[in-house]
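Q:
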Amino acid sequence: MTVPLAKTGGARVPDAVWRWAIVLLGAILVGVALSTPMVLPVVRLLLGALGLVFAYAGASRLLRARFGPDFDPGVWLAGSWLVLIVLAAATADLLPLPESLDPSKALTEPTYAAPSAAHLLGTDQYGLDVLGQIVYGARVSLVVGLGGVLIGGTIGTLLGLTASYLRGRVDGAVGWGTDVLLSFPPLVLLMALAAVLEPRTRNICLALGILVIPSFVRLSRAAGLKVAGQPFVLMARAMGATRRRILFREILPNILPSVLSYALLVVAILIVAEASLSFLGLSIQRPAPTWGNMIAEAEAEFQTHPFLLAPAVPLFLTVYSINRIGDFLRAGKEGD
Amino acid sequence: MSAQPMSPRLLGAGLLTLALLTAGCVSESGAEKPETGKIAGDLVRGGDEGECTPDKAGGSVTIAEQNEYATLDPAGGSFNFNPAQQIYSSLMRWNPGASEHQPLLAESLSANDDHTVWTLKLRDGVKFGDGTALDADAVVASIDRHRAEGSLSTWAQRARSITEMKTVDDRTVEFTLGAPWTEFPWLLGTGVGMITNPKVDEKSLAAKPPAAAGAGAFVFDHWTPGNELVVTKKSDWWNGPVCLDSIRVIAQVDSKARKDTFDKGEAQVFLGTADLDVSQKLIDEGANHAKYPLRLGLTPNFGVGEDAKTTDGANRTIRRALQLAIDPELMTDRVTGGVAEPVTTLVSSDSPLNDGLKGVPYDRAEAKKLVDQAKADGWDGRLAVMALNQPNNIAIGNQAIAQWEAIGIEAELRTVELSEFVKASLMGGGGFDVLVSGGGNHPLPECVSCDLDQYATKGAGNRVGYSNPKIDDLAERLNGAAPEQRPALLKEVQAVWNEDIPRILYGQQYYMVAWTPELKGAKPGRLLTIDLSRAWLDK
Amino acid sequence: MAGQVTVAETRPAGKSALPAGRGRTRRAKTARYVLSRVVRLLSIIAGVTFISFFLLKLTPGDPVATALGPEATPEQAARLRASLGLDRPVWEQYLDWLRGVVTGDFGSTLSQPSRPVSGELAARLPVTLQLIGLTVVLSLAIAIPLAVWSAHRAGRTFDRAVSSVLYGFVAMPGFVAALLLVMLFVFHADAVRTAGLALACAALALTLVAAFRARRREASPLPALIGGGAAVLVGGAVYALLPEFPRQGFVPVSDGLGANLTSVALPVFALTFVDIAVFTRLLRGDLIGELAKPHVLASRAKGMSTAHVLVRESLRPSMFSLITVVGLTIGQLIGGTIIVEHVFRLPGVGSLLVASVRNGDYPVVQAAIFVIAAVYVTVNSLIDIAYTYLDPRVRQVNPV
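Here is the structure:
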């Protein structure tokens, strides 16, 4: 990260004013965009976008002036978004949300309602609250993303690790299996699995988990090979440590950081994959909300009821944030 | 702009915001809720404007269907109605606007007094593509393929109601039926009436019918599955000039995308099925159309194949509870955007067949009572609902389940792909109690007797195993009923229906063929078919 | 599908390495190496088809039912099933299939009317291949300049802006991108034209300002002029030349190149999003590494032009891992165009696969998977082999 050119001393005070002014301008623009329903939507959109850009620019300058030039507000924003979404998903049952899961309890609610105080993002065709569904959908997305990675990552890492240590036939067999799985068109594998297993969260996790095994095998095998040749492993071997001990005490802890930071990126990939599956009608079915199946359902209606597309926003933000943080962590690791 | 380099994250934030706002604020003009239209009123707008003349020639038309069917052989099972209609034409045509069966390739079709013997007279000069005359022998041979043992024809069972065919002369065929059937002309407007050239190898009909195969105005050109099926015009058609150079048929499952295609002018004909609000929007926006009124409902499984006698659908108490618990207003509002008519009668209130029909009223308290009663008799209160994996079917299933759960039923929706769906509804073994399905592919008044025949014990298309002697009797009477007797008979059917609930009803909708007003001289025919042999594009 | 592109970076190149050797021994070893690769390749394809065959047999559903349609009777279904040989044991069916494939016969479709599967595939493959080809070419055409300039300006405004936008690209699921493209280019083409005009004007103004500033600082205004000029051109082209994009469908090249290109343009755009991001990030990283190497620093010190340093000295050696990833991407795209084919109703292999899986048309699914796996494995093997040949260092560094 480069340091902006140092300013001459006299500019200090006007600089702070500048920054505050930008933030203020941004806030005003956003306010205008939100509070003028009669202006053309395109204009409002532009105003809002411009406002947010300004607010962000001003704020990031203020923060950098305060915390130093290396401060990266983008990562902080991404982090807060993830914390928010995880918290919301975890506490969804405790939040004061209108009915958003059971259509039989929403029989008297209006359908396709526009956003209002009762329904902040409106309702869908079942009369269920869209905001509430986004929150519950976050649960599915996160569980599927994390669960898939947990399954695929554990199996894949163990296989790759074993292959890298044992070499020979085991390595060949694992490599062959990996190549077979990789050559299988992923969506067909998912479709077939989805048809064989019932589309429930657990099974989607399983299917996606199987899908990511090969990449973890390759990653951990390569990392394992690198570590296995290092002196401390050779020493442990020379001292007669058991295979299991070498694998799990010596090698695993050393490759774990790179596996974990890769796993974070895979979470993002799986969240998108689940949404894509939902879009094709192959994942968890309505009315159980997932971001993907909400978007798929909204596709036909969004010109009349634009707020139905709202789940696209958390989907985008979550994947964006995960990637952002993942790269930040990797960059940090490399920098050390 | 400040002199400092702009933060790069500005761009990130900008992009983010843009995505956010595009997602949130795309309220475009002209995207209003569809108006609630009539169901059986205004059945047809446009069409039959005249015949093609050589000066109007030119241009080609694209028909956007929902599904790609499997074969071009009229006697080959599920097949492509619209391309086949252009290639073979048909002896008769159901004219939805006039509400009657009219001759198309035929000259006339007349019955004896009790409607057991029908005499078909063919027009002079009707020729197949190779110049062979379409004569009485060709008709008999062609229809025999549908009646044959082991025929895969969709209409096999109905075609077998013809006990004997006799060629009186070259242009006259006499059909003898096993029982009176006043709506026999309907059969000759379906694939049974699409006469194929007996000289042509039957096997070639399915995928590549040669030019000689049909007597229609068009010749099969090519078919690339997943992309398009194209027919091109006959340069010297026996029935006069053909204006359209070619007709392309494409299939697009998603109705919204199909409408986009139509709106963009990439297709001139639109076939609308399950998504009623999309269809109604097209009508609101001025498309010409022919509507085919159909019932909306869910089908209980009465037990076919392996499911016999094990399903809850076969229990009348439960069936009644399921029907009583459904609020038609709510269902139609939530499933079709309020476009369908919320009734539980057999036909819509504006149908000419409706002579004061009264359906089952919505009564949740009564439904609850029945559920308790069924549970007391040993029912576990669980219900398996099966739906095809399509957004519309899933929505219907979920909405119905929502209302059934409100009366204390534990219902679960299972979504399946087409192959499994058809298999389960065909051969049983699906283990489901209620089926979300179109079930009832005979729009009224196109063929009233065919509609009820689906509920007759041995009727064609009765696939859920329903059996009720009273309905059997009424179906037989409808077969022989004159048009003016039908409303009264339907009233009797409704009475039995309300008591026994062969199907859980909640509304009346329609399927639709829509076409742009620039397409003149189109002839809408039976359910979702349109004959373009004499049509032209207005420039 | 998003796929597992990122792994490529950590993927070891050739599995069995080629030790340095001379003359005959070397040729023999090379032959053995290629042979072993071919055997492995075949065994992988066999494995894939084996799994898919039994997986498909497990799926519920009945191709016969689909073929006959919802109006059929059980008797009709039983008759058709027997005539298709579907009442025989699964093993027998698989072996039959395998025997057929060896003799180049993929069988016929189960869905009626029965057609040769090879014909079905041959009709679909060109569409998918065109999509893939254009996607890769377009992605590279955008990614390489972006990456080169980002690496040159690493950490500066341009670099950070690009990487921010790329994060956005990666976060945009393919179907959302496709829907947005349809909404913008098909239904609001006017808005896009206006945006193009606005972009051109803004870029022009900014370029002029930047150029003047550079003049005043006595720096070369060339970079600003080139970058800004490109933006102005793109914007202007969008305004003046934006064609009508169809909502759906595929037009073969035989019906006119223009119509063909507009019919695949939006699907290709939707596919490029992720690839641009992947390519750019990868190449940028490699380039930054390369730029820090002594020989590059030396030629810089010698006063070589920026263009020479960037393109001649750094880009070439950095292309290796890019080529690998491009290969992987091609392999993944061949099965990964399903969503755009679905949204834009393109008759490619992907939509054929989805339809066939849903209809339970096993011969078609089998053949398609066979082709996809074959392409994937072949492309990867070729790249591995090429890699070992092109970069002698790999042979020595490569583990195992």
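Protein chains in written order, with the numbering used here: chain A, 1 to 336; chain B, 337 to 875; chain C, 876 to 1275.
Beta carbons: idealized from backbone N, C-alpha and C, even for Gly.
#1: So if DSSP puts Ile498/B in a beta bridge, which residue, or which two residues, is it bridged to?
#2: Can you say whether Met235/A is buried or exposed, counting buried as having 16 or more other CB atoms within 10 angstroms of its CB?
#3: Applying the 10 Å Cβ sphere with the 16-neighbour rule, what's the burial state of Gly360/B?
#4: What residues from chain B crowd round Val976/C, counting only those whose CB sits closer than 7 Å?
#5: Could you spell out the range, first to last residue, of the alpha helix (DSSP H) harbouring His1170/C?
#6: Have a look at Asp809/B and Arg822/B and give me their C-alpha separation to the nearest angstrom.
#7: Only counting the same chain, and skipping five residues up and downstream in sequence, which positions put a Cβ closer than 6 Å to that of Asp867/B?
#8: Using the Cα positions of Tyr56/A and Ala1077/C, report the straight-line distance between them to the nearest angstrom.
#9: Does the pairing of the stretch 717-727 of chain B with the stretch 676-693 of chain B give three or more beta-carbon distances under 8 Å?
#10: In angstroms, rounded to a whole number, what distance separates the CA positions of Leu541/B and Asp620/B?
#11: Which partner residues does Phe556/B have in the DSSP bridge list?
#12: Are the C-beta atoms of Trp81/A and some chain C residue less than 8 Å apart?
#13: For chain B, is any of its Cβ atoms less than 8 Å away from the one on Tyr136/A?
#14: Assuming Phe279/A and Ile295/A are in contact, meaning their beta carbons sit under 8 Å apart, how far apart are those beta carbons, in whole angstroms?
#15: Distance check for Ser1038/C and Ala1053/C, CA to CA, integer angstroms please.
#16: In chain C, what lies closer than 8 Å to Glu538/B by C-beta?
#17: What are the boundary residues of the alpha helix (DSSP H) that includes Ile1213/C?
#18: Alpha carbons only, please: which of Leu1158/C, Leu1185/C, Arg1159/C, Leu1108/C is nearest the one belonging to Val1171/C?
#19: Mind checking the stretch 269-288 of chain A against chain B and listing, in chain order, the residues whose C-beta falls within less than 9 Å of any C-beta there?
#20: Check each residue of the stretch 460-482 of chain B: if its Cβ is closer than 9 Å to any Cβ of chain C, include it; give the result in chain order.
#21: From Leu1203/C to Val1254/C, what distance separates their C-alpha atoms?
#22: Between the stretch 909-934 of chain C and chain B, which residues of the former have a C-beta closer than 7 Å to a C-beta of the latter?
#23: Sorted by chain position, which residues of the same chain lie with C-beta nearer than 7 Å to Ser363/B's C-beta, five sequence neighbours on each side aside?
#24: From Gly1225/C to Pro964/C, what does the alpha carbon distance come to, in whole angstroms?
#25: By the DSSP assignment, the beta strand (DSSP E) with Asn1135/C in it spans what residues?
#26: Under the rule that 16 or more other beta-carbon atoms within 10 Å means buried, what is Arg912/C, buried or exposed?
#27: Can you list, in chain order, the residues of the stretch 1038-1054 of chain C whose Cβ is nearer than 7 Å to any Cβ on chain A?
#28: Going along the chain, which residues of its own chain have a beta-carbon closer than 8 Å to the beta-carbon of Gln588/B, five neighbours each way excluded?
#29: Determine the extent of the beta strand (DSSP E) in which Ile583/B is found, giving its start and end residues.
#30: Using the DSSP secondary-structure output, state which residues sit across from Ala723/B in a beta bridge.
#31: Could you tell me which residues DSSP pairs with Glu401/B in its beta bridges?
#32: What residues of chain A sit near His1217/C, judged by a beta carbon separation below 7 Å?
#33: Mind checking Asn563/B: buried by the 16 CB within 10 Å criterion, or exposed?
#34: Mapping the DSSP letters down to three states, classify Gly152/A as helix, strand or coil.
#35: Can you tell me which of the three DSSP states Tyr842/B falls into?
#36: Which value, in whole angstroms, describes the spacing of the CA atoms of Val267/A and Phe1050/C?
A: Straight from the coordinates:
#1: DSSP lists Leu513/B as partners of Ile498/B.
#2: Taking a 10 Å sphere around the C-beta of Met235/A, we find fewer than 16 other C-beta atoms and assign the residue as exposed.
#3: The pLDDT assigned to Gly360/B is 42, lower than 50, so where the model puts this residue is not dependable; a value taken from the coordinates is nonetheless given after this. Burial of Gly360/B is indicated by the presence of at least 16 other C-beta atoms within 10 angstroms of its C-beta.
#4: Near Val976/C there are no residues of chain B at all, since even the closest Cβ is about 21 Å away, more than 7 Å.
#5: Per DSSP, His1170/C belongs to the alpha helix (DSSP H) from 1169-1176.
#6: Approximately 14 Å between the Cα atoms of the pair.
#7: For Asp867/B, where only same-chain residues beyond five positions count, the Cβ hits under 6 Å are Gln421, Lys859, Gly861.
#8: Straight-line measurement puts the Cα of Ala1077/C at about 21 Å from the Cα of Tyr56/A.
#9: The stretch 717-727 of chain B and the stretch 676-693 of chain B do not touch, with fewer than 3 CB-CB distances between them shorter than 8 Å.
#10: Whole-angstrom Cα-Cα distance: 39 Å.
#11: Phe556/B pairs with Val567/B.
#12: It does not: the Cβ of Trp81/A has no partner Cβ on chain C nearer than 8 Å.
#13: It does not: the Cβ of Tyr136/A has no partner Cβ on chain B nearer than 8 Å.
#14: 7 Å between Cβ atoms; contact.
#15: The alpha-carbon of Ala1053/C is positioned some 22 Å away from that of Ser1038/C.
#16: Simply none; closest approach about 11 Å.
#17: That run of the alpha helix (DSSP H) goes 1213-1219.
#18: Closest by C-alpha distance to Val1171/C, out of Leu1158/C, Leu1185/C, Arg1159/C, Leu1108/C, is Leu1185/C.
#19: Listed in sequence order: Gly281, Leu282, Gln285, Arg286, Pro287.
#20: Here the close residues number zero.
#21: Going by the C-alpha atoms only, they are around 8 Å apart.
#22: Per Cβ criterion, the list is empty.
#23: Any reading at Ser363/B needs caution, since the residue's pLDDT is 40, under 50, leaving its predicted position unreliable; the model's value is listed next. Nothing meets the Cβ criterion.
#24: Each residue's alpha carbon lies about 29 Å from the other.
#25: For Asn1135/C, no beta strand (DSSP E) run applies; the uninterrupted alpha helix (DSSP H) run containing it begins and ends at 1132-1166, by DSSP.
#26: Around the beta carbon of Arg912/C, a 10 Å sphere encloses 16 or more other beta carbons of the protein chains shown; the residue is thus reported as buried.
#27: Of all residues in the stretch 1038-1054 of chain C, Tyr1042, Gly1043, Val1045, Ala1046, Met1047, Pro1048, Gly1049, Phe1050, Val1051, Leu1054 have a Cβ within less than 7 Å of some Cβ in chain A.
#28: Answer for Gln588/B: Ala400, Glu401, Gln402, Arg594, Thr597, listed in chain order.
#29: Looking at the DSSP string, the run of the beta strand (DSSP E) that includes Ile583/B is 582-587.
#30: Ala723/B pairs with Thr751/B, Val772/B.
#31: DSSP lists Ala587/B as partners of Glu401/B.
#32: Neighbours of His1217/C on chain A, chain order: Leu280.
#33: So Asn563/B counts as buried.
#34: Three-state DSSP puts Gly152/A in a helix.
#35: In the three-state reduction of the DSSP assignment, Tyr842/B falls in the strand class.
#36: If I take the Cα positions, the gap works out to 18 Å.
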